[in-house]
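Numbering of the sequence shown is given in my numbering, commencing with residue 18 and proceeding in unit increments.
Every residue gets a Cβ at the ideal spot worked out from N, C-alpha and C, and that includes glycine.
This structure is a prediction, so every number in the text was calculated from the model and none was measured.
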Amino acid sequence: MNSIQQYEKCENLGQGTYGKVYKGINKLTHEVVAIKEIIHSEEEKKEGIQSTTLREMSVLLQFRKHPHIVELKQVILDDTDYKQYLIMEYIDTDLRKMIDQKKITEHMAKKLLLHILRGLYALHSQLIFHRDLKPANILVQNGVAKLGDFGLAKPIGYPINRTHTKEVQTLWYRAPELLLGHFKYSPALDIFSLGCIFYEMLIGEALFKGNSEIDQLIRIFQFMGTPLDWEGFKSMPYYSAKFPQFKSEAEKHLSNYNISQEAKNLLLKMLQIDSTKRITAKEAINDIYFSII
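Have a look at this one:
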């Protein structure tokens, strides 16, 4: 039996842009799994497997045994109902839940950050980036963090279609170059998102809680400083001479919290507004912050 019938759906775990996720059990082995059912419109059903599904499948298959990327166990293409299912390892918690429950110490945040960076480095070294990093997409099992939800993953250098707004990173974790209209993918996008997540693990709340793209950008400028020394800043499509000129408040803001100087230093390297100066995943893994775990 190699169909969705071999699995019993036990619990609806949620729904995203491209699919529903269930907790399920393999009727033959009794293994608990996560079942992602891909949602299609009537028009999409006629076209076959969608690009988002193919992207997620290809990434998960390529990194099937990586310790910090969620494991894809099986792909099921059901001809009877024209649905596709991704059968993945079941992990019962994620960073969103842990942050909301105030369960993360700095020591734990350091370990989880290193795990995420190792997963990102694996992706980036194969010229792939995640493009939708946020706490809910980072799964945690027995203290080990794993990247999940690769529906928006893209090859590095792939041009962004600016009309595909539903495919853009979640606003609170969106890199400033995207907010400024630079529609070209780079691994630096993931690093900025991860910097926002690292702050959230350390402090317990989101750093940039914008309610619009321009509000989000201004909040980043307020924290990091308006990047007047960034060579490409004024040539960005959405640049405005009316942008407020802020000096960085980052050091002053972070001094209010009991976190190590090494953590602050790495955080600011990840949040560099100029993407060409932002630390890479490999550089971050080798940062002095991780010299003692």
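Check	Outcome
Report all residues from its chain with a CB closer than 7 Å to the CB of K119; omit the five preceding and five following residues, and keep chain order.	G221
Check the DSSP bridge columns for E25 and list the partner residues they point to.	I42
In chain order, which beta strand (DSSP E) runs of at least 3 residues are fully inside the stretch 130–163?	155–158
Buried or exposed: which applies to V50, given that a residue is buried once 16 or more other Cβ atoms fall within 10 Å of its Cβ?	buried
Using the Cα positions of S292 and E194, report the straight-line distance between them to the nearest angstrom.	7 Å
Here's the rule I'm using: 16 or more other beta-carbon atoms within 10 Å means buried, otherwise exposed. How should Y24 be labelled?	buried
If you check the beta carbons only, do I116 and M218 fall under 9 Å apart?	yes
Could you check the C-alpha separation between I290 and F80 for me, to the nearest Å?	30 Å
Have a look at F209 and Y190 and give me their C-alpha separation to the nearest angstrom.	7 Å
Figure out for me which residue from W247, A170, L245, L197 has the closest Cα to the Cα of P254.	L197
Label Y274 either buried or exposed according to how many other C-beta atoms from any shown protein chain fall within 10 Å of its C-beta, with 16 as the threshold for buried.	exposed
Among all the DSSP beta bridges, which residues are the ones paired with D111?	L156
Quick one: is H199 buried, meaning 16 or more other Cβ sit within 10 Å of its Cβ, or exposed?	buried
Within its chain, find whatever has a CB closer than 8 Å to the CB of T182; leave out the 5 residues flanking it on each side and keep chain order.	For T182, the predicted structure reports a pLDDT of 42, less than 50, and the residue's modelled location is therefore unreliable. A value from the coordinates is still provided. Nothing meets the Cβ criterion.
Please return the same chain residues whose Cβ sits closer than 8 Å to the Cβ of L131, not counting the five positions on each side in sequence.	I302, F307, I310
Using only the alpha-carbon positions, how far apart do Q32 and I55 sit?	10 Å
Report yes or no: do three or more beta-carbon pairs, one from the stretch 160–167 and one from the stretch 124–139, lie closer than 8 Å?	yes
Suppose the cutoff is 7 Å on Cβ atoms and the five residues either side in sequence are ignored; what does the same chain contact list for L78 look like?	L89
Reducing DSSP to helix, strand and coil, say where E54 ends up.	strand
Give a single yes or no on whether M125 has its beta carbon closer than 8 Å to a heavy atom of the ligand FMN.	Looking for the ligand FMN in the displayed structure turns up nothing, as the structure carries no ligands at all.
Buried or exposed, going by whether 16 or more other CB atoms sit within 10 Å of the CB of N154?	buried
Grab the span of the beta strand (DSSP E) containing D95 for me, first residue to last.	89–95
Leaving out five residues on either side along the sequence, give the residues of the same chain with a beta carbon under 7 Å from the beta carbon of P152.	D111, L112, R113, I116, I214, E217
State the Cα-Cα distance for the pair A316 and I296, rounded to the nearest angstrom.	Absent from the model: residue 316. The displayed extent of the chain is 18 to 310, so no value can be given.
So L156 and I108 are supposed to be a Cβ contact under 8 Å. How far apart are they, rounded?	4 Å
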